[in-house]
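Visitor: I have a structure I would like to understand better, so I am pasting it below and will then ask my questions one at a time.
Numbering (the working numbering), first residue to last: 547 to 1046.
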């Protein structure tokens, strides 16, 4: 007898290691093949198959099959309760049949149709949250010996581990198939695109937290898609029918930010001509996305913490407590843990918003996604500009893949849009792309300046460049810079930037 069968402990010990790399695969088809291949090798089976249950039709469909007749088996389907696979799917109990010819539950028509001699069958259910999603079926041993109870133990434990991975992969697959609905929610130009492992891990983590109310902190550089990830969490959870409200904490001074968050009563301050409902109330039942929370003033941090802890708040100028059911997702592009260490961000608020933390990868960390992003954005721009045959040259694509994209996906999108508008309308060439292999000279960086002076110089130059690129249109420039137009206008006034 082989080692796996004679020493079940050795197989069980391997399951933790196996489950780790099975759980790292997020493509459903690839995962199913990996699962059945692993199960076959662990038990050293002659043939095997994995069937998934369609709850609507109550039928089991072959998704993967191994053995010399594997391809022919794929055309069959099994009713719930029919045959050994159908019986296991219906009852949820594993089943070992040493001699199928003596068992009335054996659905011999499949074996006879493909010409496969079957002696013994082991079949175990796969469950996600208690619901049966399918079965794994093993037929005979390679050496001709019958399947043993030890094999059943190994197969059952493995199926439990594999089921969790399938559940996660199915969620991702479902959202991919529902991408049209998600586009309507996010806007046709704004969605997460990519198949890199690092991005798929982020998406998998997002689905894990989507069904809870757990406070989530999304970290990442500007332009990586933190808000898009927040929207995906919202859309994939039970609150998707309710609003997701976004507020940029860096765009407003403390007094206005408080009124935006909590609302205000008529006459609460100069200019408060009528009662205004705040973002917390608007988001009732849904999600409040607090962007750039690391820029929030200490005073506002204290007020936000109080609301998160007590669950009630007051409008500015009001004395009536207001209670809402809101999930809070926060995001920042700064090292907020360092801000806590330096006393710039409240430690108690940090732990309140940071129950689950997700790190959005930079584009340079997932360069394999660049061709997919280029293709995605190009399809949008071709439709907008009326250039249906526009394509990207190989040299231009190579240039984009080699570039580090400090502005991440947002910079890629803007660079590609400019190339589409300014190019020949037929093919995007390297010279059409406003990027360089060399790092751009950072304005304001010179010896002798204080940090504040250097930052002010950089901001002034950065705003000027974006205004020129937008033809002086403040709304367009603000959109590219990912700030509110009112905030940009204040900065233009502060730095004395001339109209373009």
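All C-beta atoms in this analysis are idealised placements derived from N, C-alpha and C, irrespective of residue type, glycine included.
If I measure Cβ to Cβ from residue 846 and keep anything under 7 Å in the same chain, skipping five residues before and after, which residues do I get?
Guide: Once the five neighbours on either side are set aside, the close Cβ partners of residue 846 are 800, 803 and 804.
Visitor: Is the beta carbon of residue 578 less than 8 Å from the beta carbon of residue 621?
Guide: Against a cut-off of 8 Å, the Cβ pair of residue 621 and residue 578 comes out as no contact.
Visitor: Just checking my contact of residue 738 with residue 701 at CB under 8 Å: how many whole Å lie between their CB atoms?
Guide: Between residue 701 and residue 738 the Cβ distance is about 36 Å, and since that is not below 8 Å, they are no contact.
Visitor: Report the partner residues of residue 625 according to the DSSP bridge assignment.
Guide: For residue 625, which the question treats as bridged, DSSP gives the partners 605.
Visitor: What beta strand (DSSP E) runs, 3 residues minimum, are completely inside the stretch 754-792?
Guide: Correct list: 762-765.
Visitor: Compare the beta carbon distance of residue 769 and residue 956 with 8 Å and say whether it is the shorter of the two.
Guide: Yes, the Cβ-Cβ distance between residue 769 and residue 956 is below 8 Å.
Visitor: At what residues does the beta strand (DSSP E) containing residue 1091 begin and finish?
Guide: This structure gives no information on residue 1091, because the portion of the chain shown stretches from 547 to 1046.
Visitor: In chain order, what residues of the same chain lie with their CB nearer than 8 Å to the CB of residue 661, ignoring the 5 residues before and after it?
Guide: So the qualifying residues of the chain are 615.
Visitor: Within the chosen definition, does the stretch 646-658 reach the stretch 671-684 through at least 3 CB pairs nearer than 8 Å?
Guide: The answer is no - the stretch 671-684 does not touch the stretch 646-658, with fewer than three Cβ pairs under 8 Å.
Visitor: Which same chain residues, not among the five before or five after residue 1039, have their C-beta less than 7 Å away from its C-beta?
Guide: There are no such residues.
Visitor: Between the Cα of residue 670 and those of 597, 601, 619 and 835, spot the shortest distance and give me the residue it belongs to.
Guide: Residue 597 is the option with its Cα nearest to residue 670.
Visitor: Go to residue 671, then tell me how far its beta strand (DSSP E) extends in each direction, as first and last residue.
Guide: That run of the beta strand (DSSP E) goes 667-674.
Visitor: Tell me, which residues are paired with residue 823 by DSSP?
Guide: Residue 823 is bridged to 809.
Visitor: Unbroken alpha helix (DSSP H) runs of length 4 or more, entirely within the stretch 889-971: which are they?
Guide: As far as the stretch 889-971 is concerned, its whole alpha helix (DSSP H) runs of at least 4 residues are 893-899, 916-931, 940-948 and 954-968.
Visitor: Three-state secondary structure (DSSP) at residue 750?
Guide: Of the three classes helix, strand and coil, the one that applies to residue 750 here is helix, per DSSP.
Visitor: Excluding the 5 residues preceding and the 5 following residue 656 in the sequence, name in chain order all residues of the same chain whose CB lies nearer than 6 Å to its CB.
Guide: If we look at residue 656 and ignore the five residues flanking it on each side, its Cβ neighbours are 622.
Visitor: Whether or not the stretch 853-866 and the stretch 783-792 are in contact is what I'm after, with contact meaning three or more pairs of Cβ atoms, one per stretch, closer than 8 Å; do they touch?
Guide: Contact between the stretch 783-792 and the stretch 853-866 is absent, because fewer than three Cβ pairs lie under 8 Å.
Visitor: So, at 6 Å on beta carbons, what are the nonlocal neighbours of residue 969 in its own chain, with the 5 sequence-adjacent residues on each side left out?
Guide: The residues are 978.
Visitor: Return the chain-ordered list of same chain residues with a C-beta closer than 6 Å to the C-beta of residue 949, the five sequence neighbours on each side being excluded.
Guide: So the qualifying residues of the chain are 981.
Visitor: Can you give the beta carbon distance from residue 631 to residue 606, rounded, assuming they're within the 8 Å contact cut?
Guide: Contact holds; Cβ gap of about 6 Å.
Visitor: Between the beta-carbon of residue 836 and the beta-carbon of residue 872, is there less than 8 Å?
Guide: Cβ distance not < 8 Å, so residue 836 and residue 872 don't count as in contact.
Visitor: Do the CB positions of residue 766 and residue 915 come within less than 8 Å of each other?
Guide: It is not a contact, given that the beta carbons lie outside the stated cut-off.
Visitor: Grab me the residues of residue 760's own chain with a C-beta within less than 6 Å of its C-beta, minus the 5 sequence neighbours each way, in chain order.
Guide: 901 and 902.
Visitor: Just to confirm before moving on: does the CB-CB distance between residue 825 and residue 818 stay below 8 Å?
Guide: No, the Cβ-Cβ distance between residue 825 and residue 818 is not below 8 Å.
Visitor: Return the residue from the list 666, 581, 638 and 689 that minimises the CA-CA distance to residue 590.
Guide: It is 689.
Visitor: Do you know offhand how far residue 1027's Cα is from residue 1007's?
Guide: Cα to Cα, residue 1027 sits roughly 13 Å from residue 1007.
Visitor: With a Cβ-Cβ cutoff of 8 Å, do residue 908 and residue 879 count as a contact?
Guide: Against a cut-off of 8 Å, the Cβ pair of residue 879 and residue 908 comes out as no contact.
Visitor: Short of 7 Å in beta carbon distance, which residues of its chain neighbour residue 716, apart from the five on each side in sequence? Order them along the chain.
Guide: For residue 716, where only same-chain residues beyond five positions count, the Cβ hits under 7 Å are 574.
Visitor: In this structure, what does DSSP give as the bridge partners for residue 973?
Guide: According to DSSP, residue 973 bridges with 937.
Visitor: So residue 655 is in the alpha helix (DSSP H); what residue range does that whole segment cover?
Guide: Segment 654-660, the alpha helix (DSSP H) holding residue 655.
Visitor: Going by beta carbon distance, what residues of the same chain come within less than 8 Å of residue 894, once the five residues before and after it are set aside?
Guide: Closer than 8 Å at Cβ, skipping near neighbours: 851.
Visitor: Within 10 angstroms of the Cβ of residue 496, are there 16 or more other Cβ atoms? Answer buried if so, exposed if not.
Guide: A question about residue 496 goes unanswered here, because the residues of the chain that appear run from 547 up to 1046.
Visitor: Looking only at its chain, what residues have a beta carbon closer than 7 Å to the beta carbon of residue 1010, apart from the 5 residues adjacent to it on each side?
Guide: Once the five neighbours on either side are set aside, the close Cβ partners of residue 1010 are 1043.
Visitor: Considering just the uninterrupted stretch of the beta strand (DSSP E) at residue 1018, what are its terminal residues?
Guide: No beta strand (DSSP E) contains residue 1018, which DSSP labels as neither H nor E.
Visitor: What whole-angstrom Cβ distance do residue 667 and residue 646 have, given they're in contact under 8 Å?
Guide: Yes, residue 667 and residue 646 are in contact; Cβ-Cβ is about 6 Å, under 8 Å.
Visitor: Can you name, in chain order, every residue of its own chain whose Cβ lies under 6 Å from the Cβ of residue 797, other than the five neighbours on each side?
Guide: For residue 797, where only same-chain residues beyond five positions count, the Cβ hits under 6 Å are 1029, 1030 and 1033.
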